[in-house]
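K.L.:
Have a look at the structure that comes next, please.
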């Protein structure tokens, strides 16, 4: 065994064949090359950039205090929790169900290529254009005027709670029953 009580300066290479136990701080002024695995039992602090040319396996939680920039793909095998705003500059593809618990604001055009099911009320604050048929399974209430620019076909009874004005000719192809008075103002 060699015991050195003070400073030791070696002017050339030092080769240690067995284990080396350093019981205090080690300061290396130049580059340090480790030809095999390095195991650090306590915390490791790097005060400058760290460059890893191979794969990195982190088996515990990773906490990053600053920004993270990824120059390539990111694959996450488990759940992802984003606790603040997420900004996506390019396209985003969701290959399965998407659940949004809060309000959703879509500021551009939205193209829906399949059925849309709305469980609650739907408030449309501007024009609605329907290129195909529209089927309503229950009552339709129109608060303002309704302009129908083509034929109207009613399969069941039609009830008008107020005056009905027909600007053009009216043709009845079956019996007409009037329960009140009838005023005919023309010939």
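Residue numbers (my numbering): 1390 to 1576.
Quick reminder that beta carbons are idealized off the backbone N, C-alpha and C, glycines included.
If distances are taken between C-alpha atoms only, which option among 1480, 1543, 1421 and 1514 comes closest to residue 1587?
P.N.:
Lying outside 1390 to 1576, the shown extent of the chain, residue 1587 is not represented and no answer is given.
K.L.:
Using the C-alpha atoms, what's the distance from residue 1487 back to residue 1499?
P.N.:
Roughly 15 Å separates the two Cα atoms.
K.L.:
Measuring only the C-alpha atoms, how far is residue 1506 from residue 1493?
P.N.:
About 16 Å.
K.L.:
Just how far apart, CA to CA, sit residue 1393 and residue 1411?
P.N.:
One C-alpha to the other measures close to 12 Å.
K.L.:
Using only the alpha-carbon positions, how far apart do residue 1587 and residue 1491 sit?
P.N.:
Because the chain is modelled from 1390 through 1576, residue 1587 falls outside the range shown and cannot be assessed.
K.L.:
Roughly how many angstroms separate the alpha carbons of residue 1536 and residue 1518, rounded to a whole number?
P.N.:
Cα to Cα, the separation comes out at about 13 Å.
K.L.:
Could you give the distance in angstroms between the alpha-carbon of residue 1574 and the alpha-carbon of residue 1557?
P.N.:
Straight-line Cα distance between these residues: approximately 15 Å.
K.L.:
How long is the line joining the alpha carbons of residue 1484 and residue 1531, rounded to whole angstroms?
P.N.:
Their Cα atoms are separated by approximately 38 Å.
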